[in-house]
Amino acid sequence: MNTTAMTPEASVGKPAINALSLGAGVQSSALLVAACRGLVEKFDVCIFADTGWESITVYQHLLRLERLAAAHHIPVVRVGAGNIRLDALNPASRFASMPLFTLAPNGQRGMARRQCTSSYKISPLKKEVRRRLGYPHPRRVPAAVWAQMAIGISVDEIGRARDSDVRYMRNTFPLLDLGWRRSDCLSYLAENGLADTPRSSCVGCPFHSDDFWADLKSNQPLEWASAVAFDHAIRNGSARATANGHPLRGQFFLHRQRIPLDQVVLRPRAGGEPEQGCGPWTCPATPPAGGGGDAAGDAGRGVA
Ligand code: SF4
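Residue numbers (this note's numbering): 566 to 869.
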């Protein structure tokens with residue numbers, strides 16, 4: 566596989582910036598450490614797109630990464646478009662729809678459209694890249710000016726590799742070149758004192774497995790309470806749609822069983838249930854490049 570996504574127009578010259586999309590999960594953390602150790606090309610900058618609702622363990626881990634990167638003269642910047650939790654509950658804020666589970670009055674089940682990855686991760690990251698290239702929106706970026714963006718995709722997740730959808734950015738996948746699986750990343754992180762690297766994703770992401778929810782409930786009671794309160798608050802639709810006179814016909818839920826989160830009988834699997842983290846181009850169920858609509862579907866109703 567050609568692990569560098571190229572568009573013909575931008576296939577000349579060298580990148581103006583060699584960046585890492587730092588999700589602060591296992592794979593992107595391994596890439597940052599590998600860059601610090603000289604195993605992969607050093608990054609000019611690592612960009613963390615913050616939804617504002619990551620677990621405290623992710624933010625603590627990010628602080629460790631920032632210290633490590635600083636010691637190797639690699640800047641880490643945090644970008645964002647707000648706080649996904651607060652924005653969803655604020656009638657004055659635009660609600661970037663999360664992939665919530667829906668239950669229609671007739672019992673039909675579906676999922677809401679997913680806009681959160683684009684709004685809270687991809688857009689802020691693109692904005693930062695444009696800014697660093699010297700062509701902030703709406704300036705046109707010349708064809709010969711582009712950034713290389715390393716994405717933490719391991720061999721066992723090769724199906725999640727996605728091209729960038731803009732000419733000024735080309736995604737690369739150094740872990741595929743290294744032939745590393747997620748287990749290799751975990752071993753490498755352990756060798757470098759980061760054995761407890763968490764998965765990164767929003768605390769209240771509907772894609773979470775029962776394993777995650779059970780662990781959150783047992784070990785992070787404040788974050789569990791935050792997710793439970795959010796689940797209750799979004800039951801009848803987004804605050805903004807409701808305030809604008811467009812209440813949801815049906816209900817939203819964080820858990821796939823479509824019952825209140827604090828009433829779900831969680832069934833974590835022995836040995837752990839596979840769960841993917843969430844990054845700008847690696848969110849769960851992100852459709853392949855050119856692959857059409859949201860794989861999470863829109864069987865239910867999105868919100869205004
Ligand atoms: S972790 Fe879930 S809720 Fe957060 S941006 Fe990704 S898909 Fe959306």
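Even for Gly, the Cβ is constructed at its ideal location relative to N, Cα and C.
Counterpart residues of residue i in DSSP-defined beta bridges
i    : result
A614 : V644
Q874 : Only positions 566 to 869 of the chain appear in this structure, which leaves residue 874 out of reach.
G802 : Paired residue(s): none; G802 is not in a bridge.
I582 : A712
F795 : In the DSSP output, where bridge partners are listed per residue, F795 has none listed.
L751 : According to DSSP, which records beta bridges pairwise, L751 is partnered with nothing at all.
M676 : F666
L735 : Per the sequence shown, the amino acid found at residue 735 is Arg instead of Leu. Its beta-bridge partners are Q713.
Beta-carbon proximity list for residue i, same chain, < 6 Å, skipping 5 on both sides
i    : result
G578 : A709
V829 : H820 and Q822
P640 : V610
A595 : C750, Y753 and L754
F818 : F666
I687 : P845
L690 : I612, A614 and P845
T616 : I649, Y685 and C767
I716 : S586, N736, F738 and W846
R832 : D775
Residue from the options whose Cα sits closest to the Cα of residue i
i    : options                   : result
R732 : E631, E722, L698 and F666 : L698
A712 : R704, S719 and R696       : R696
N801 : P701, G815 and S594       : G815
S658 : A806, L585 and A798       : A806
I621 : T762, I639, Q592 and A794 : T762
G647 : E619, L630 and L743       : E619
A614 : K607, V605, G603 and A584 : A584
V623 : K607, C601 and V591       : V591
A669 : L831, I824 and P833       : I824
S748 : D775, F772, V720 and P771 : V720
P580 : H797, T682, L628 and M734 : M734
A808 : W745, P771, A798 and P656 : P656
R602 : H638, S586 and P703       : H638
S683 : G672, F660, R705 and I799 : F660
Close-in-space but distant-in-sequence residues of the same chain around residue i (CB under 8 Å, 5 per side omitted)
i    : result
E693 : I612, V642 and V644
E631 : V641
Residue i versus residue j - alpha carbon distance
i    : j    : result
I582 : P701 : 15 Å
S791 : Y685 : 19 Å
V598 : H626 : 13 Å
L654 : L781 : 21 Å
Q680 : A635 : 33 Å
M676 : A589 : 27 Å
D827 : V793 : 6 Å
F608 : A600 : 7 Å
D776 : P664 : 19 Å
S803 : M714 : 34 Å
P786 : L628 : 22 Å
A760 : E788 : 22 Å
L633 : W778 : 30 Å
A798 : V706 : 42 Å
H811 : H773 : 28 Å
Residues near residue i in its chain [Cβ-Cβ closer than 7 Å; skip 5 each side]
i    : result
N757 : V598
I718 : Q592, R725, A726, F738, L740, L741 and T847
V605 : L596, A599 and P739
P771 : M663, P664, L665, F666 and L819
Cβ pair count under 8 Å reaching 3, the region 764–776 against the region 719–728: no
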